[in-house]
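Peer 1:
Residue numbers (my numbering): 168 to 579.
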């Protein structure tokens, strides 16, 4: 088992997790192949945030030239409204608190920027190859072989499963199928051109894209999260509804259509200005929220799971993409000196040992943040969206976290 001139890293999945890993693992002695099942490298239309824990990492990757094209917005903080439409709390984000900003992106734009960076000739290391229309049907984790639907077999020294909640690699790693399960809540999603909101009368500054805040409107078992994106050209909205109160069927597809009439019915006791915002949306999607319990392992042989394949979580903290970035940085840190096949499994287990407890805890926190926001007998907002911010965002990378773990510090 001598040294290799080159390690071949095969990444299954070309979403944010997979592309982040492709960027993080670039190296002169590595060949990186990304296998994406769709024919186009394109995410769904939705906004997302990179939290300070992820923004710190991305800034070290020197991606400014790629990310600035996406017209990102720095989120100034949270504004919390109750179901009567009264602003009950404003929570400002201070860069100095966490060492970086919370940044708002359009999901498609961020994926495109990461894809450009992964394949760019202008960053250090060899550019990744991204292959689309590659449906993976089988993975041999011990031998490092990925089999495509076409019958083609691709050999890799490292296999990274970044293939989302319906992960094929997860089944291979666990030796059985483990599905992400419904959480009892569904989400209506909307992207509204800002010009559609002209003339909508709302509380002061609510739709001020020059002063970008994430707005939360909280009832007992329903809530709306909304904010600007793409340089203030769009307004993104997620409206959560318990499945038991839905009057239409939801699925785990991001593109299933929803009904404006049924959305308005679900929020009939919320402010009329919120109804006017809903009506301004040209399209509405309805998505059943799913997550997964912490898995017994992420690693088998030469394969490791990352992102939603490893730790799918609710969107209530906006940490899904950020945890994928953390996974990629941990791979970068612990595969940095690996130049032979016989060292791969130990490095992957080290990634797992550092990442598992933290990612599992953030999954748990996301479930905690999905609990009813008010007492049943009152409309007073009790839920604190800042409850876990320090633990989530005060993160300085995998090597630092490993050091802290060994000393038992930074426990929540």
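Heads up, the beta-carbon is just placed ideally off N, CA and C, and yes, glycines get one too.
(1) Where residue 185 and residue 545 are concerned, what is the direct C-alpha to C-alpha distance, given to the nearest angstrom?
(2) In whole angstroms, give me the CA-to-CA distance for residue 193 and residue 350.
(3) Quick check on residue 594: does DSSP put it in helix, strand or coil?
(4) Who are the Cβ neighbours of residue 175 in its own chain at under 6 Å, not counting the five residues just before and after it?
(5) In this structure, how does DSSP classify residue 560 when only helix, strand and coil are distinguished?
(6) Got a sec? Which residues, its chain only, sit under 6 Å from residue 414 by beta carbon, not counting five neighbours each side?
(7) Label residue 220 either buried or exposed according to how many other C-beta atoms from any shown protein chain fall within 10 Å of its C-beta, with 16 as the threshold for buried.
(8) Just verifying my parser: in three-state terms, what is the DSSP assignment at residue 282?
(9) Near residue 329, which residues of its chain fall below 7 Å by C-beta distance, leaving aside the five closest residues on each side in sequence?
(10) Does at least one heavy atom of the ligand FMN sit under 8 Å from the Cβ of residue 497?
(11) Answer yes if the segment 313-323 comes into contact with the segment 342-361, meaning at least three C-beta pairs across the two stretches below 8 Å, and no otherwise.
(12) Which residues in the same chain have their Cβ closer than 7 Å to the Cβ of residue 409, if we skip the five residues on either side of it in sequence?
(13) For residue 575, collect the residues of the same chain with a Cβ closer than 6 Å to its Cβ; drop the 5 residues on either side in sequence, then sort them by chain order.
(14) Out of 424, 560 and 370, which has the shortest C-alpha to C-alpha gap to residue 453?
(15) Could you spell out where the beta strand (DSSP E) holding residue 503 opens and where it closes?
(16) Please say whether residue 215 and residue 281 have beta carbons closer to each other than 9 Å?
(17) Of the residues 242, 206 and 196, which one's Cα is nearest the Cα of residue 217?
(18) Round the Cβ separation of residue 248 and residue 383 to the nearest angstrom and send it over; I've been treating them as touching at under 8 Å.
(19) Assign residue 528 to one of three DSSP states: helix, strand, or coil.
(20) Need the endpoints of the alpha helix (DSSP H) that residue 186 sits in, please.
(21) Decide if residue 195 is buried, meaning its Cβ has at least 16 other Cβ atoms within 10 Å, or exposed.
(22) For my contact list, residue 300 and residue 206 are in at a C-beta cut-off of 8 Å; report their separation, rounded to the angstrom.
(23) For residue 486, report the span of its beta strand (DSSP E) as first-last.
(24) Check this for me: beta carbons of residue 446 and residue 427, under 9 Å apart or not?
(25) Using 10 angstroms around the beta-carbon of residue 255, count the other beta-carbons present and answer buried if the total reaches 16, otherwise exposed.
(26) List the endpoints of the continuous beta strand (DSSP E) containing residue 296.
(27) Which residue marks the beginning of the alpha helix (DSSP H) containing residue 219, and which one marks its end?
(28) Using the Cα positions of residue 580 and residue 496, report the straight-line distance between them to the nearest angstrom.
(29) Run through the DSSP bridge pairs and tell me what residue 314 is partnered with.
(30) In the DSSP assignment, find the unbroken beta strand (DSSP E) run with residue 332 in it and report its ends.
Peer 2: Reading off the structure:
(1) Roughly 44 Å between the two C-alpha positions.
(2) Their Cα atoms are separated by approximately 37 Å.
(3) The question about residue 594 has no answer here: the residues shown for the chain are numbered 168 through 579.
(4) The residues are 198, 323 and 324.
(5) Helix at residue 560.
(6) Non-local beta-carbon contacts of residue 414 in its own chain, meaning distances under 6 Å to residues more than five positions away in sequence, involve 429 in chain order.
(7) A residue is called buried when at least 16 other Cβ atoms come within 10 angstroms of its Cβ; residue 220 meets this threshold and is buried.
(8) The three-state reading of DSSP puts residue 282 in helix, counting H, G and I together.
(9) Cβ within range, chain order: 178, 179, 180, 182, 184, 185, 188, 473, 474 and 476.
(10) This structure does not include the ligand FMN; it has no bound ligands of any sort.
(11) No, the segment 342-361 is not in contact with the segment 313-323.
(12) Within the same chain, residue 409 has close Cβ partners 351, 352 and 388.
(13) For residue 575, there are no CB contacts under 6 Å within the same chain when 5 residues up- and downstream are skipped.
(14) A check of alpha carbon separations from residue 453 across 424, 560 and 370 identifies 424 as the nearest.
(15) Unbroken run through residue 503: none, as it is neither H nor E.
(16) Judged by their CB atoms, residue 281 and residue 215 are not nearer to each other than the 9 Å cut-off.
(17) For residue 217, the nearest C-alpha among the options comes from 242.
(18) The beta carbons of residue 248 and residue 383 sit about 7 Å from each other, so the pair counts as a contact at 8 Å.
(19) DSSP, read as helix, strand or coil, puts residue 528 in helix.
(20) Residues 183-191.
(21) Around the beta-carbon of residue 195, fewer than 16 other beta-carbon atoms lie within 10 Å, marking it exposed.
(22) Yes, they are in contact, since the Cβ atoms of residue 300 and residue 206 sit about 5 Å apart, within 8 Å.
(23) Run containing residue 486: none; DSSP gives neither H nor E here.
(24) Result yes, Cβ atoms of residue 446 and residue 427 sit closer than 9 Å.
(25) Residue 255 comes out exposed.
(26) Per DSSP, residue 296 belongs to the beta strand (DSSP E) from 296-298.
(27) Under the DSSP assignment, residue 219 falls in the alpha helix (DSSP H) whose first and last residues are 219-227.
(28) Because the chain in this structure spans residues 168 to 579, residue 580 falls outside the shown range and cannot be described.
(29) 305 and 320.
(30) Residue 332 -> no beta strand (DSSP E), and no H or E assigned at all.
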